[in-house]
Amino acid sequence: MELYTLLYAFVIYSPALAANGGATFIREGTPLDFGRSLGDGRRILGDGKTFEGLLLSLSFGLTVSIGISRFLGEPWITKGFMGALGAMVGDLVGAFFKRRMGMTRGQRALGLDQLDFVVGATAFMLATGVPLSLSEFLFVAALAFVLHLGTNAVAYRLKIKRVPW
Ligand SMILES: CC(C)=CCC/C(C)=C/CC/C(C)=C/CC/C(C)=C/COC[C@@H](COP(=O)(O)O)OC/C=C(\C)CC/C=C(\C)CC/C=C(\C)CCC=C(C)C
Ligand SMILES: Nc1ccn([C@@H]2O[C@H](COP(=O)(O)OP(=O)(O)OP(=O)(O)O)[C@@H](O)[C@H]2O)c(=O)n1
Ligand SMILES: [Mg+2]
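Residue numbering for the sequence shown follows full-length UniProt numbering, beginning at 1 and increasing consecutively.
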């Protein structure tokens, strides 16, 4: 794949990446599941998924979308935002499965933690009519996996994240 294609893939996923990073700045907030549990006795989503985190992440995602739209054209405000929204929905689906598997908030789920938001962003961007190739997806997934390990270790040291993963 050409370098240009890789750069393009990174740019169109950047609202989603920024959204996922943005939520981390909220350490406590109103849980999206309002503290409710399912029949299995476990929380629907848990305390790590809040209204405040969702709002902040979408604001970051929108800001970056507006930024990339200056180069890619106005439709990217919507397309980028859909990527950010998809990332956060993917993160919620990931948390839902973690709770169903009996994992507590912040417990490590290698693979799921790094890729839930990339899968969500991809699904939402495809639904918005963004043509994504498998190689672009695989590139961004691999990049997000490595970046996620790095950013989270740094975010933990800066006391932004509770756990280093
Ligand atoms: C390649 C290796 C091994 C290391 C790379 C090290 C690296 C990239 C360091 C960057 C360090 C940095 C600037 C850290 C700041 C700490 C921080 C704010 C981290 C936020 O990200 C945490 C993480 C949360 O994920 P989780 O909730 O699922 O656990 O988000 C992961 C995000 C990504 C993998 C996407 C890439 C993110 C970034 C490059 C930085 C974070 C982006 C923002 C804060 C958004 C900025 C947006 C605006 C509008 C200014
Ligand atoms: N919708 C969201 C997503 C994230 N966060 C904040 O960002 C932190 C890091 O997000 P993430 O790593 O995705 O959550 P975890 O703490 O790992 O929780 P879970 O096990 O539910 O994924 C969360 O703890 C929470 O403080 C939030 O407030 N609202
Ligand atoms: Mg997550």
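Virtual Cβ for every residue (Gly too), placed ideally from N, Cα, C.
Keep in mind the model is a prediction, meaning the values are calculated, not measured.
- With fewer than 16 other Cβ atoms inside 10 Å of its own Cβ, P164 counts as exposed.
- Screening all residues for a C-beta within a distance smaller than 6 Å of any heavy atom in ligand 3 leaves D91, G94, D113, D116, in chain order.
- Within the chosen limit of 7 Å, ligand 1 reaches the beta carbon of G21 through at least one heavy atom.
- Shown here, P31 sits in a strand according to DSSP, grouped into three states.
- In terms of Cβ geometry, D33 and L45 form a close pair [threshold 8 Å].
- Scanning A9, T5, L3 for the CA closest to the CA of M125 turns up A9.
- In the same chain as D47, and ignoring 5 residues on each side of it, the C-beta atoms closer than 6 Å to its own belong to P31, R105, in chain order.
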